[in-house]
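Chemist: Before I ask anything, let me first share the structure, which is written out below as structure tokens.
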Ligand code: SF4
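Residue numbers (the working numbering): 57 to 787.
Next up, the structure:
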């Protein structure tokens, strides 16, 4: 079944009917809205404010929301088109049941009974943990909380995890290790007030475009911008210093920079001795990371390493911002900790214009990892292995502590356990692992082995096509609740429309299923507001405390930063202001990991490095953005970026078909010859399914701590397979 992309006037009229007017000047127009709804973009972790125009229960357009402080009315290419997903003809409007003829619409009673019966049957035969649950980090805080509670109480399984396992978990684990808490330390309003910024592994202008504005403001105020990336991404093109790191070389690079800082005395000894632990081991480790040695490991010229230390070391204020480029590695946690070392060594944290932040990729990348849908986590950021935390939450939920499952498998491990025949049943929501998880042939084989698979989603994504039952859930604008953006600011999503046809809000589907599993008394919610009251009460006293928040406060204050432990507490935009970190002794931790290479390095057979990432017009596995024609037109298919030197060596010209081969298989895609990438590295974006999917060939090797896969580096070879698809070489 192909994804329908709306492109022509006929497509739109066929989809929406004659109520839609086309004006060449103004685009698609349905006239004046009945109302404007203040809410947020459904895509990245910036969570820009937007006003959706609603007419007769349809989202027909948008207006800027200039008063919302994060984006002040600005939106990126995805944000301005996000309204077009509502009412897309692919939108699921009823539950579907697989039959010999394919999927057929059915009633909710039938779909939910079939799902509950399958869950009971599998668990009776193979045990509770033989059924797994996979959630998503684009969903609201309320749903993240509900998913965790549903898995532990209704499914009674330990095997619940979420697609944030593919995104922010390396940063989350590193934050906990260094600071004792997992959140960006500063509000983004601190960025323009700083003197120097390191942007590490973040294609900021394409993945979080509105944050670019904060960087430009900092530069207008005199700040120096340092970008670390294997590609000269759009933000790197105007940086003061660009460090073209070899994929996988980040921790070595940080050690080299720190080496130069120590030699020059650009560290804060007083801060280190008063507020940190474990400095001596790090100081000893970085002795060998001379600029020359570091250059050999990272490919970054020694003089650039010194220059970076010169800019960062003596600055009065500094900000470190990083994203998946340093985190999607088998040493993702070590990479993040190595950058945090650079922050702690200067003592520039917990101050206006000085600090640190992970930029979250998914819409609720922050909140989605806080409320208990991770395999090792309970609400309030509690630890499922901590006996006190277990006692607190089991008491709060009204169950015996012994009935609370323990730590389960992570997302990729769940797929592996399905492939191994240990997990027999799966329920997923807003997760598309067939496109998202590396080595997708293995994911496909695993899906084929499931005895039962139920998928809750709003479009029939590539993974859901393997389901026995598809439960038609809700788009972001069809429900309400809260999300927490990359700063740690909890904000309100207001409902714009109701789900179409017989589709239901996601939470209602889960509560109905819980009822059929005999646990309805724990899930007697009538509205997301009740779930928020419960999750905020559950978080009280935990590491991630929302207990002082209400919907009214969040809305009237345009978001509240956690921790917010009392109703009168103002929230905490900037962490660590009193030099107090969240470890028991109040101190932060340095970490001294020696450099180690990626799981796969180059060799004679696979002499190049393969790396992946996003493009500005697409989001995650493309379930939403591949359906919006104007976004597809911006970047219609995956391209293989390669440097002209490499292209010349391979006899490839721009637009030629090339085959990229790794140990897992091959993809054939057009070449895009650009000077903005290292000559030893090729890049393919990962938003597409099928034979051109980058994740057909990426490596599923996991970070031992965060269990994130190594999307950002594996070895490959590239060969020319044919001329440009248009026939012959381009002029
Ligand atoms: Fe803002 Fe991100 Fe949406 Fe773009 S995708 S409008 S930057 S929230």
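Backbone N, C-alpha and C fix where the C-beta goes; we use that ideal spot for every residue, glycine too.
As the structure is a computational prediction, the values presented were derived from the model and not from experiment.
Going along the chain, which residues of its own chain have a beta-carbon closer than 6 Å to the beta-carbon of residue 135, five neighbours each way excluded?
Modeler: Here residue 135 corresponds to residue number 79 of the chain shown, with the count starting at 1. The residues are 97, 104.
Chemist: If you check the beta carbons only, do residue 144 and residue 683 fall under 8 Å apart?
Modeler: Sequence index remark: in the chain shown, residue 144 carries index 88 (1-based). Sequence index remark: in the chain shown, residue 683 carries index 627 (1-based). For residue 144 and residue 683, yes; Cβs fall inside 8 Å.
Chemist: Could you give the distance in angstroms between the alpha-carbon of residue 255 and the alpha-carbon of residue 271?
Modeler: Start at 1 with the first residue of the chain shown, and residue 255 comes out as number 199. Start at 1 with the first residue of the chain shown, and residue 271 comes out as number 215. Each residue's alpha carbon lies about 10 Å from the other.
Chemist: Name the residue from 560, 724, 737, 592 whose alpha carbon lies nearest to the alpha carbon of residue 701.
Modeler: Numbered from its first residue, the chain shown carries residue 701 at position 645. Cα-wise, what sits closest to residue 701 is 737.
Chemist: Please report the distance separating the alpha-carbon of residue 31 from that of residue 489.
Modeler: What the structure shows of the chain is the stretch from 57 to 787, and residue 31 is not part of that stretch, so it cannot be assessed.
Chemist: Excluding sequence positions up to five away, which residues of its chain have a Cβ less than 7 Å from the Cβ of residue 28?
Modeler: This structure gives no information on residue 28, because the portion of the chain shown stretches from 57 to 787.
Chemist: Using a threshold of 7 Å, is the CB atom of residue 132 nearer than that to any non-hydrogen atom of the ligand SF4?
Modeler: As a working note, residue 132 is residue 76 in the chain shown. Residue 132: yes, Cβ under 7 Å from the ligand SF4.
Chemist: Beta carbon of residue 794: closer than 7 Å to some heavy atom of the ligand SF4?
Modeler: Only positions 57 to 787 of the chain appear in the structure, and residue 794 is not among them; the question remains open.
Chemist: Which residue's Cα is closest to the Cα of residue 428: 402, 405, 462?
Modeler: Mapped onto the chain shown, residue 428 falls at position 372. For the residues 402, 405, 462, the minimum Cα distance to residue 428 belongs to 462.
Chemist: Check residue 779 in the structure and name its three-state DSSP category.
Modeler: Taking the chain shown and counting its residues from 1, one reaches residue 779 at position 723. Correct three-state label for residue 779: coil.
Chemist: My output table needs one value for residue 82: the three-state DSSP class, helix, strand or coil.
Modeler: By 1-based counting over the chain shown, the position of residue 82 is 26. Its pLDDT being 45, under 50, residue 82 is placed unreliably in this model, and the value from its coordinates should be taken loosely. In this structure, residue 82 counts as coil in the three-state DSSP scheme.
Chemist: I need the boundaries of the alpha helix (DSSP H) containing residue 169, first residue and last residue.
Modeler: For the purposes of this step, residue 169 is taken as residue 113 along the chain shown, with counting starting at 1. First-last of the alpha helix (DSSP H) with residue 169: 164-182.
Chemist: From this set, 192, 442, 559, which residue's C-alpha is nearest residue 161's C-alpha?
Modeler: Residue mapping note: residue 161 aligns to position 105 of the chain shown, counting from 1. The option with the nearest alpha carbon to residue 161 is 559.
Chemist: Does the stretch 576-584 come close enough to the stretch 123-138 to have 3 or more Cβ pairs within less than 8 Å?
Modeler: Counting Cβ pairs under 8 Å, fewer than three are found: no touch.
Chemist: From the DSSP output, in three-state form, read off residue 768 for me.
Modeler: Residue mapping note: residue 768 aligns to position 712 of the chain shown, counting from 1. Three-state result, residue 768: coil.
Chemist: Could you check if residue 442 belongs to the surroundings of the ligand SF4, using beta carbon to heavy atom distance under 7 Å?
Modeler: Looking up residue 442 in the chain shown gives position 386. Because no heavy atom of the ligand SF4 lies under 7 Å away, the Cβ of residue 442 does not count as near it: no.
Chemist: Could you give the first and the last residue of the continuous alpha helix (DSSP H) run that contains residue 499?
Modeler: Mapped onto the chain shown, residue 499 falls at position 443. Taken as a continuous stretch (DSSP letters only), the alpha helix (DSSP H) holding residue 499 covers 496-505.
Chemist: Using a threshold of 7 Å, is the CB atom of residue 542 nearer than that to any non-hydrogen atom of the ligand SF4?
Modeler: Counted from its first residue, the chain shown places residue 542 at position 486. For the ligand SF4, not one heavy atom lies less than 7 Å from the Cβ of residue 542.
Chemist: Just to confirm before moving on: does the CB-CB distance between residue 788 and residue 750 stay below 8 Å?
Modeler: Absent from the model: residue 788. The displayed extent of the chain is 57 to 787, so no value can be given.
Chemist: Please tell me whether residue 223 and residue 497 are closer than 8 Å, where the distance is taken between their beta carbons.
Modeler: Translated into positions along the chain shown, residue 223 becomes position 167. Translated into positions along the chain shown, residue 497 becomes position 441. In this structure, residue 497 does not lie closer than 8 Å to residue 223 by Cβ.
Chemist: Which parts of the stretch 327-391 are runs of the beta strand (DSSP E), unbroken and 3 residues or longer, counting only runs that do not cross its ends?
Modeler: Runs of the beta strand (DSSP E) inside the stretch 327-391: 374-378.
Chemist: Label residue 436 either buried or exposed according to how many other C-beta atoms from any shown protein chain fall within 10 Å of its C-beta, with 16 as the threshold for buried.
Modeler: As a working note, residue 436 is residue 380 in the chain shown. Residue 436 comes out buried.
Chemist: Identify whether residue 315 lies in helix, strand or coil by the three-state DSSP scheme.
Modeler: Within the chain shown, residue 315 is the residue found at index 259, counting from 1. In this structure, residue 315 counts as helix in the three-state DSSP scheme.
Chemist: Taking 7 Å as the cut-off, is the C-beta of residue 487 nearer than that to any heavy atom in the ligand SF4?
Modeler: Position 431 of the chain shown holds residue 487. No, the ligand SF4 has no heavy atom inside 7 Å of this Cβ.
Chemist: What does DSSP give as the partner residue(s) for residue 96 in the beta ladder?
Modeler: Here residue 96 corresponds to residue number 40 of the chain shown, with the count starting at 1. Residue 96 pairs with 105.
Chemist: Taking three-plus beta-carbon pairs below 8 Å as touching, is the stretch 174-182 in contact with the stretch 383-395?
Modeler: Output reads no: the stretch 383-395 does not touch the stretch 174-182.
Chemist: Given the structure, does residue 429 come close to the ligand SF4, in the sense that its CB is under 7 Å from one of the ligand's heavy atoms?
Modeler: If you number the chain shown from 1, residue 429 lands on position 373. Every heavy atom of the ligand SF4 is 7 Å or more from the Cβ of residue 429, so no.
Chemist: Alpha carbon to alpha carbon, what distance is there between residue 763 and residue 710?
Modeler: Against the chain shown, residue 710 aligns to sequence position 654. Against the chain shown, residue 763 aligns to sequence position 707. Using only the alpha carbons, I get a separation of about 37 Å.
Chemist: Can you tell which of 172, 543, 116 has its C-alpha closest to the C-alpha of residue 187?
Modeler: Taking the chain shown and counting its residues from 1, the one referred to as residue 187 is at position 131. Measuring from the Cα of residue 187, the nearest candidate turns out to be 172.
Chemist: Identify the residues that DSSP records as bridge partners of residue 546: which are they?
Modeler: Against the chain shown, residue 546 aligns to sequence position 490. DSSP output for residue 546 lists 540, 616 as bridge partner(s).
Chemist: Out of 767, 211, 214, state which residue places its alpha-carbon closest to the alpha-carbon of residue 494.
Modeler: The residue labelled residue 494 in the question sits at position 438 within the chain shown. That would be 767, whose Cα lies nearest to the Cα of residue 494.
Chemist: Reducing DSSP to helix, strand and coil, say where residue 288 ends up.
Modeler: Within the chain shown, numbered from 1, the residue matching residue 288 stands at position 232. In this structure, residue 288 counts as coil in the three-state DSSP scheme.
Chemist: Kindly indicate which residue of 533, 384, 191, 466 has the alpha-carbon position closest to the one of residue 554.
Modeler: Locating residue 554 in the chain shown gives position 498, counting from the first residue. Nearest of 533, 384, 191, 466 to residue 554, Cα basis: 533.
Chemist: Only counting the same chain, and skipping five residues up and downstream in sequence, which positions put a Cβ closer than 8 Å to that of residue 725?
Modeler: Start at 1 with the first residue of the chain shown, and residue 725 comes out as number 669. 693, 694, 695, 696, 713, 714, 716, 740, 748, listed in sequence order.
Chemist: Could you give the C-beta distance for residue 426 and residue 540, rounded to a whole number, given that I count them as a contact under 8 Å?
Modeler: As a first step, residue 426 must be located in the chain shown, where it is residue number 370. As a first step, residue 540 must be located in the chain shown, where it is residue number 484. Indeed, because the Cβ distance is near 7 Å, the residues count as touching under 8 Å.
Chemist: Applying the 10 Å Cβ sphere with the 16-neighbour rule, what's the burial state of residue 444?
Modeler: On the chain shown, position 388 is the one that residue 444 refers to. Exposed, by the Cβ-count rule.
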